[in-house]
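Quick note, this note's numbering runs 11 ahead of the 1-based positions in the sequence shown.
Have a look at the structure below, then the notes.
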Amino acid sequence: MNKITGGIFAAIIIIAMSCGCTSKLVRIDSRPGLAEIRINNEYMGKTPMYHRFYDLWHPWPMEKTDDYMIQAQLPGHEPEVQIFHESPEPADISYVPDEIIFKMLPQDQPAATE
Numbered sequence: 012m013n014k015i016t017g018g019i020f021a022a023i024i025i026i027a028m029s030c031g032c033t034s035k036l037v038r039i040d041s042r043p044g045l046a047e048i049r050i051n052n053e054y055m056g057k058t059p060m061y062h063r064f065y066d067l068w069h070p071w072p073m074e075k076t077d078d079y080m081i082q083a084q085l086p087g088h089e090p091e092v093q094i095f096h097e098s099p100e101p102a103d104i105s106y107v108p109d110e111i112i113f114k115m116l117p118q119d120q121p122a123a124t125e
């Protein structure tokens, strides 16, 4: 009985280790600061900020991707979007840079009418 329990425990450990996950802590900032940041349409906070990105490896075929769409919005400025597509290598988060900086451009002001 003890050998069976040990074998089951070893199998669980091997399966858990085969499901890899890597992560990277990334600094996100904007010029000017205090832009609202959304990652995959979910509000995360205002710049400057840090966010941990994950790349999961799935041992079975599935339609999941770990692409990231990062949006920056600041009143009076044009919104900016940066997209990072998943690396073809499993458990490789290097496709997301260590630092993401948004250079927010002022919106065009409508001409004053008299």
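For glycine and all other residues, C-beta sits at the position ideal for the given N, C-alpha and C.
Please read these numbers as outputs of a predicted model, since none were measured by experiment.
C-alpha distance - residue i paired with residue j, whole-angstrom precision
i: SER105; j: PHE20; result: 33 Å
i: MET55; j: GLY17; result: 43 Å
i: PHE113; j: LYS35; result: 19 Å
i: TYR65; j: ASN52; result: 16 Å
i: HIS62; j: ILE111; result: 10 Å
i: HIS96; j: ILE15; result: 44 Å
i: SER41; j: ILE50; result: 15 Å
i: THR58; j: GLY87; result: 16 Å
Buried/exposed call for residue i, threshold 16 Cβ in 10 Å
i: ILE81; result: buried
i: LEU116; result: exposed
i: ILE94; result: exposed
i: VAL92; result: exposed
Residue from the options with nearest C-alpha to residue i
i: GLU89; options: ILE39, ALA46, GLY18; result: ALA46
i: ASP109; options: ASN13, ARG49, MET60; result: MET60
i: LEU85; options: ASN13, VAL37, GLY44, ILE39; result: GLY44
i: ASP77; options: VAL107, ILE39, VAL37, ARG38; result: VAL107
Which of helix, strand or coil DSSP assigns to residue i
i: ILE19; result: helix
Whole-number beta carbon distance between residue j and residue i, since they are thought to touch under 8 Å
i: THR33; j: ASP103; result: 7 Å
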